[in-house]
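*Asks:*
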Amino acid sequence: MIVLQVNQVHKSFGADEILSGVKLEVQHRDRVALVGRNGAGKSTLLKIISGEMSYDSGEIIMPKDLTIGYLEQQNDLESDATVWEEMMTIFAHFREQEAQLRRLEARMAEQEVHDDAELYDKVMKEYDTLQHDFKDAGGYQFEADTRAILHGMKFYADDYGKKVVSLSGGQKTRLMLAKLLLSKPQLLILDEPTNHLDIETLSWLENYLKNYPGALLIVSHDRYFLDQVVTLVYEVSRHRVKKYTGNYSRYLDEKAKQYELDMKQFEKQQGEKAKLEDYVQRNLVRASTTKMAQSRRKILEKTEWMGAPDGSEKSARFGFTIDKQSGNDVLTVNSLAIGYSGEPVAKNISLKLYRQESMALVGPNGVGKSTLLKTIMKELKPLAGDIHYGTGIQFGYYDQEQANLKGNKLLLNELWDDYPLINEKEIRGILGRFLFSGDDVLKPISTLSGGEKARVALAKLMMQKANVLLLDEPTNHLDLDSKEVLENALIDYPGTILFVSHDRYFMNRIGTKVIELTQDGATEYLGNYDYYVEKKLEMEELAALEAEESTVAVKAAPAAVTSQIDKGAKKLERQLLRQTEETEQEMEKLDAQIAEIEEQLCLPEVFQDHERVLPLQTQLESLKEQQEEKMSAWLELQEQIEKVNN
84 MIVLQVNQVH KSFGADEILS GVKLEVQHRD RVALVGRNGA GKSTLLKIIS
134 GEMSYDSGEI IMPKDLTIGY LEQQNDLESD ATVWEEMMTI FAHFREQEAQ
184 LRRLEARMAE QEVHDDAELY DKVMKEYDTL QHDFKDAGGY QFEADTRAIL
234 HGMKFYADDY GKKVVSLSGG QKTRLMLAKL LLSKPQLLIL DEPTNHLDIE
284 TLSWLENYLK NYPGALLIVS HDRYFLDQVV TLVYEVSRHR VKKYTGNYSR
334 YLDEKAKQYE LDMKQFEKQQ GEKAKLEDYV QRNLVRASTT KMAQSRRKIL
384 EKTEWMGAPD GSEKSARFGF TIDKQSGNDV LTVNSLAIGY SGEPVAKNIS
434 LKLYRQESMA LVGPNGVGKS TLLKTIMKEL KPLAGDIHYG TGIQFGYYDQ
484 EQANLKGNKL LLNELWDDYP LINEKEIRGI LGRFLFSGDD VLKPISTLSG
534 GEKARVALAK LMMQKANVLL LDEPTNHLDL DSKEVLENAL IDYPGTILFV
584 SHDRYFMNRI GTKVIELTQD GATEYLGNYD YYVEKKLEME ELAALEAEES
634 TVAVKAAPAA VTSQIDKGAK KLERQLLRQT EETEQEMEKL DAQIAEIEEQ
684 LCLPEVFQDH ERVLPLQTQL ESLKEQQEEK MSAWLELQEQ IEKVNN
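If you want our numbering, it's the 1-based position in the sequence shown plus 83.
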């Protein structure tokens, strides 16, 4: 069943055309994404569909009884009610039915009704009908559903009595989303629903939306989220909309293939056109060939030649370089406690960061990820423990709050004041690489959007040429294209990266190691985000299996115990294989470091200099000792694997 049709919709703001001839269709239970650059018109189209904005021409067709829920990107939920009371406003009809059931129960208990068999029977039938309808509509389930969704959105029993007006902006957004999910409209429209959600809440939302009973229309810059949820993608570009089947990754592949095919077809037609034009030009004036030339000229005029395919819209172009390389040991954190005003938000944090690693910090909101970065940058003092910095370290820091981008300073001066020896033309060139051209560079910083400020901050970061980048939510405010450019720049970066991000797609592309931060410490995972999730699930399965085995050992028959042991052996084998893989990765890293030092020791200017040879030789011996330890650990793992299999 079609729940929405958009046909030839046009929308302009004055002389600026936003949408032109837009066509879009959503079927029942479709999961549709709208993607495109910031300012392409995605939110405008959502507002038109939801009825919050008019359009110039075209038509929007949907069933008369269609229920629509719309979560705006910017919303401000103002209410004097508590969190629970606000959620219960959705179920006013259930409350009325409950009151009616109580009234009928009281009526049946009246002596007058009880003595009149006919009247009692009439009231009883009315009660049975109402109770049946109440049950079928979910009247006995709505409070449990409310608690489940509030829990998924990180609102717990202690929060139910809080006033909505006292909540933060992010909490209000989550409460609005919870209300929409609970009301279950037939068409759910979500504009940036992943803002203000931590990774745990995002995972819960993804699973919920996969099983949502209605249709979904989503705008989001979270590519991992889109990959998990959507099955159709509409790209908004150059005022028009184009449809692609599949999730976000499939859309990127299909778009690239289509462009390649269109370009080949265009080049082929251009070759044919050039041959015809050349023939006409050479033969039109010759009497013997003029008729054939005229015939080909008619073909040229009548043929509808294909236009050049639209390539990618203008993208930012930048990369990160370094002035000088750091030492191999970049950062060592030992038993660190972090927080504000003597109150720790996290403690017992220990981690090691080596040169050219890219480490992701993950953990729930409020656990201290940004606080840890600020502590490393010496903006905050450690409450306990210590931080050792490697040799030759030059930090570059990207602050998600962009605290240093405030005031009415002109964009040009924001960079020029920091680098006064660089001429204006070069500064303008740098800003041009970040999509600021012409009079854009004379805009006051205070007038820039979040995405524009993010690009300014990245431009300043690029100019530092630091060898260690500390990035706090670097993809916030960036559109999908800018995220892609940033990722490619960081992949090619020759330095070391420590970053905080909720963007799981970004973590998968950039991260080589994940540190999970909790209030009581930090756990290291040698891989990207997907590996971290897989490892966590494996650990949870193993823990559950061990608990189950201990219970089964007491209650179950020997045959059942044997079955559980077999399952346990398979789980243990998987764990041992994963540990083997991690150990092999560490051995490869040590091999590379050893080879690098041995190459240095072979250089004439090094081996002839005793002062340079001694520290290198000491470092080489330390690395070889570590290599021997890893080899011993690897052999022990092999023996354990053999025991499990025998």
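C-beta: ideal position from N, C-alpha, C; glycine also.
Nothing here was measured: the structure is a model prediction, and the numbers come from that model.
Measure from the alpha carbon of Q183 to the alpha carbon of each residue in L160, Y210 and E161, then state which is nearest.
*Replies:* It is Y210 whose Cα lies nearest to the Cα of Q183.
*Asks:* Report yes if the CB atom of L554 is closer than 7 Å to the CB atom of V524, and no otherwise.
*Replies:* The answer is no: Cβ separation not under 7 Å.
*Asks:* Per the DSSP calculation, I405 is bridged to which residue(s)?
*Replies:* In the DSSP output, where bridge partners are listed per residue, I405 has none listed.
*Asks:* Just how far apart, CA to CA, sit S162 and K262?
*Replies:* Rounded to whole angstroms, S162 to K262 spans 13 Å at the Cα level.
*Asks:* Would you call Q88 buried or exposed, if buried means 16 or more other Cβ atoms sit within 10 Å of its Cβ?
*Replies:* It is exposed - the Cβ of Q88 has fewer than 16 other Cβ atoms within 10 Å.
*Asks:* If I432 sits next to L609, beta carbons under 8 Å apart, how far is it from one beta carbon to the other, in whole angstroms?
*Replies:* Incorrect: roughly 18 Å between the Cβ atoms, too far for contact.
*Asks:* Relative to the C-alpha of D406, which candidate in H304, S378 and A549 has its C-alpha closest?
*Replies:* Among H304, S378 and A549, the Cα nearest to that of D406 belongs to A549.
*Asks:* Between K245, V450 and V316, which lies nearest to Y331 when the distance is taken from Cα to Cα?
*Replies:* Nearest option by C-alpha distance: V316.
*Asks:* Using only CA atoms, which one of D204, S266 and E100 lies nearest to E175?
*Replies:* First, the amino acid is wrong: residue 175 is Ala here, not Glu. Of D204, S266 and E100, the residue nearest in Cα terms is S266.
*Asks:* Among I85, T150 and E567, which one has its Cα closest to the Cα of N591?
*Replies:* Closest by alpha carbon: E567.
*Asks:* Note down the Cα distance separating Y307 from L444, rounded to an integer number of angstroms.
*Replies:* If I take the Cα positions, the gap works out to 17 Å.
*Asks:* Measuring alpha carbon to alpha carbon, tell me which residue in G402, G410, Q352 and F403 is nearest I382.
*Replies:* For I382, the nearest C-alpha among the options comes from Q352.
*Asks:* Compare the Cα-Cα distances from D575 to each of H560, I593 and D586 and report the closest residue.
*Replies:* Selected option, being the one with the closest Cα: I593.
*Asks:* What residue range is occupied by the uninterrupted alpha helix (DSSP H) comprising M191?
*Replies:* Unbroken alpha helix (DSSP H) run through M191: A175 to A192.
*Asks:* Got a sec, what are the start and stop residues for the beta strand (DSSP E) T606 sits in?
*Replies:* Start and end: G604 to Y608.
*Asks:* The beta strand (DSSP E) spanning F478 covers which residue range?
*Replies:* Start and end: F478 to Y481.
*Asks:* Using only the alpha-carbon positions, how far apart do E681 and T701 sit?
*Replies:* If I take the Cα positions, the gap works out to 12 Å.
*Asks:* Could you tell me if D305 is buried or exposed, where buried requires 16 or more neighbouring beta carbons within 10 angstroms of its beta carbon?
*Replies:* Burial call: buried.
*Asks:* From the DSSP output, in three-state form, read off A420 for me.
*Replies:* Strand, per DSSP.
*Asks:* Look at the alpha carbon of E669 and the alpha carbon of Q269, and state the distance between them as a whole number of angstroms.
*Replies:* Looking at the two C-alpha atoms, the distance is approximately 52 Å.
*Asks:* State the start and end residues of the unbroken beta strand (DSSP E) segment that holds T328.
*Replies:* Run containing T328: R323 to T328, per the beta strand (DSSP E) assignment.
*Asks:* Thinking C-alpha only, which one of G97, Q721, L514 and I131 is nearest V105?
*Replies:* It is I131.
*Asks:* Name the DSSP beta bridge partners of H471, please?
*Replies:* The partner list for H471 (beta bridge, DSSP) reads T415.
*Asks:* Reducing DSSP to helix, strand and coil, say where I144 ends up.
*Replies:* DSSP places I144 in strand when its eight states are reduced to three.
*Asks:* Would you tell me roughly how many angstroms separate the C-alpha atoms of I724 and W717, rounded to the nearest one?
*Replies:* Taking the straight line from one Cα to the other gives about 11 Å.
*Asks:* In this structure, how does DSSP classify H560 when only helix, strand and coil are distinguished?
*Replies:* Three-state result, H560: coil.
*Asks:* For T127, which residues of its own chain have a beta-carbon under 7 Å away from its beta-carbon, when the five flanking residues on both sides are left out?
*Replies:* Same-chain partners within the cutoff: K94, I101, L102 and M136.
*Asks:* How about K435 and T415: do their beta carbons lie closer than 7 Å?
*Replies:* Yes. Within cutoff.
*Asks:* From the DSSP output, in three-state form, read off D99 for me.
*Replies:* In the structure shown, D99 sits in a strand (DSSP, three-state: E or B).
*Asks:* According to DSSP, is A540 part of a helix, a strand, or is it coil?
*Replies:* If DSSP states are grouped into helix, strand and coil, A540 belongs with the helices.
*Asks:* Kindly indicate which residue of D412, A357, T595 and V428 has the alpha-carbon position closest to the one of R438.
*Replies:* Per the Cα distances, D412.
*Asks:* Entirely within the stretch 435-459 and at least 3 residues each: give me those beta strand (DSSP E) ranges in chain order.
*Replies:* Within the stretch 435-459, the complete beta strand (DSSP E) runs of at least 3 residues are 441-445.
*Asks:* Taking three-plus beta-carbon pairs below 8 Å as touching, is the stretch 456-474 in contact with the stretch 415-427?
*Replies:* Enough Cβ pairs lie closer than 8 Å, so yes.
*Asks:* Take the Cβ of W736 as the centre, count every other Cβ of all protein chains shown within 10 Å, and call the residue buried at 16 or more, exposed below.
*Replies:* Here the chain covers residues 84 to 729 and nothing more, so residue 736 does not appear.
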